[in-house]
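Chemist: Shown below is the structure under consideration.
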Amino acid sequence: ELECLIFYMSCCGHKTQQRGHLRVNAKASLTDSTPTFKLLIIGDSDVGKSSLLLRFAEDTFSQSQKNTVGVDFKTKLVTVGNQTVQLQIWDTAGQERFKTITSTYYRAAQGIIFVYDITKETSFDNIRSWLLAAETHTAGKAHKLLVGNKSDDEERRAITTQQGKKLAEELEVTFFETSAKDNLNVNKLFIEITRELLNKLEQ
Numbered sequence: 410e411l412e413c414l415i416f417y418m419s420c421c422g423h424k425t426q427q428r429g430h431l432r433v434n435a436k437a438s439l440t441d442s443t444p445t446f447k448l449l450i451i452g453d454s455d456v457g458k459s460s461l462l463l464r465f466a467e468d469t470f471s472q473s474q475k476n477t478v479g480v481d482f483k484t485k486l487v488t489v490g491n492q493t494v495q496l497q498i499w500d501t502a503g504q505e506r507f508k509t510i511t512s513t514y515y516r517a518a519q520g521i522i523f524v525y526d527i528t529k530e531t532s533f534d535n536i537r538s539w540l541l542a543a544e545t546h547t548a549g550k551a552h553k554l555l556v557g558n559k560s561d562d563e564e565r566r567a568i569t570t571q572q573g574k575k576l577a578e579e580l581e582v583t584f585f586e587t588s589a590k591d592n593l594n595v596n597k598l599f600i601e602i603t604r605e606l607l608n609k610l611e612q
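The sequence shown begins at 410 in my numbering and counts up one residue at a time.
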């Protein structure tokens, strides 16, 4: 499955997108020296993890996106500056009963994106438990970002931007509010985590 996904992204796509210093190019070539960053998207079910992944990897959005069962992943080649990187992005189920499955994948993750739904207070409150699980399985080595998704749904907003920023400051992580539906800050999110992981790689 992994080989099929890499073949599709590197050989079958022709679309190039430019956002800031990130060049997303499906024609970029994968070589033995191309670094691979494994990213996890973690959070409660129905916060939009799959939608964020699909928006970034395929530039698509579905209002009727079904819950992920177990674990799914997609790969994408991106270029930051002169460095091409393969992102292997794992979308993990948010239901409690699948935590035993996702724990297997924490250990090798270089980056973890914690997602909550700005319209669901419980998803925000549960971020700390997701963070604790991640810290346990990665020994605190994975780079972390906090994301408040569904920022397009202002009428139903339950968590303010300031609350998100405050939590991010407490956790000492970068914070974004995103909308997979409106394609707001989705690329910026992956720009940031890729750049910061490259910086760590160079140190």
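Glycine is no exception: its CB is placed at the ideal position from the N, C-alpha and C atoms.
Drop a sphere of 10 angstroms on the beta-carbon of A577, count the other beta-carbons inside from all chains shown, and report buried for 16 or more, exposed for fewer.
Modeler: Walking along the sequence shown from the start, residue 577 turns up at place 168. It is buried - the Cβ of A577 has at least 16 other Cβ atoms within 10 Å.
Chemist: For the putative contact between G520 and F446, defined by C-beta atoms under 8 Å, what is the C-beta separation to the nearest angstrom?
Modeler: Position 111 of the sequence shown, counted from the first residue, corresponds to residue 520. Position 37 of the sequence shown, counted from the first residue, corresponds to residue 446. Indeed, because the Cβ distance is near 6 Å, the residues count as touching under 8 Å.
Chemist: What are the complete beta strand (DSSP E) segments, minimum 3 residues, inside the region 535–560?
Modeler: Fully enclosed beta strand (DSSP E) runs of 3 or longer: 552–558.
Chemist: Can you list, in chain order, the residues of its chain with a C-beta nearer than 6 Å to that of G573? Leave out the 5 residues immediately preceding and following it.
Modeler: As a first step, residue 573 must be located in the sequence shown, where it is residue number 164. For G573, where only same-chain residues beyond five positions count, the Cβ hits under 6 Å are G557 and F584.
Chemist: Using only alpha-carbon positions, find the residue among S454, L463, T603 and E530 that is nearest to D591.
Modeler: Position 182 of the sequence shown, counted from the first residue, corresponds to residue 591. It is L463 whose Cα lies nearest to the Cα of D591.
Chemist: Tell me the DSSP bridge mates of D500?
Modeler: Counted from its first residue, the sequence shown places residue 500 at position 91. Partner(s): I450 and D481.
Chemist: Quick one: complete beta strand (DSSP E) runs, 3+ long, within the region 558–591?
Modeler: If we require 3 residues or more, the beta strand (DSSP E) runs fully inside the region 558–591 come out as 583–586.
Chemist: What does the alpha-carbon distance come out to for the pair L541 and T587?
Modeler: On the sequence shown, residue 541 is found 132 positions in, with the first residue counted as 1. On the sequence shown, residue 587 is found 178 positions in, with the first residue counted as 1. When rounded, the distance between both Cα atoms is 23 Å.
Chemist: Could you tell me which of E605, E564, Q495 and V489 sits nearest to K529, measuring between CA atoms?
Modeler: On the sequence shown, position 120 is the one that residue 529 refers to. Checked all of E605, E564, Q495 and V489; the closest Cα to K529 is E564.
Chemist: By the three-class DSSP mapping on this structure, what secondary structure does T488 have?
Modeler: Taking the sequence shown and counting its residues from 1, the one referred to as residue 488 is at position 79. T488: strand per DSSP, three-state reduction.
Chemist: Tell whether a beta-carbon distance below 8 Å holds between V524 and K553.
Modeler: What you label residue 524 is simply residue 115 of the sequence shown in a count that begins at 1. What you label residue 553 is simply residue 144 of the sequence shown in a count that begins at 1. Going by C-beta atoms, V524 is not nearer than 8 Å to K553.
Chemist: Between which residues of its own chain and E605 is the CB-CB distance below 7 Å, once the five residues before and five after are set aside?
Modeler: Within the sequence shown, residue 605 is the residue found at index 196, counting from 1. For E605, where only same-chain residues beyond five positions count, the Cβ hits under 7 Å are H552.
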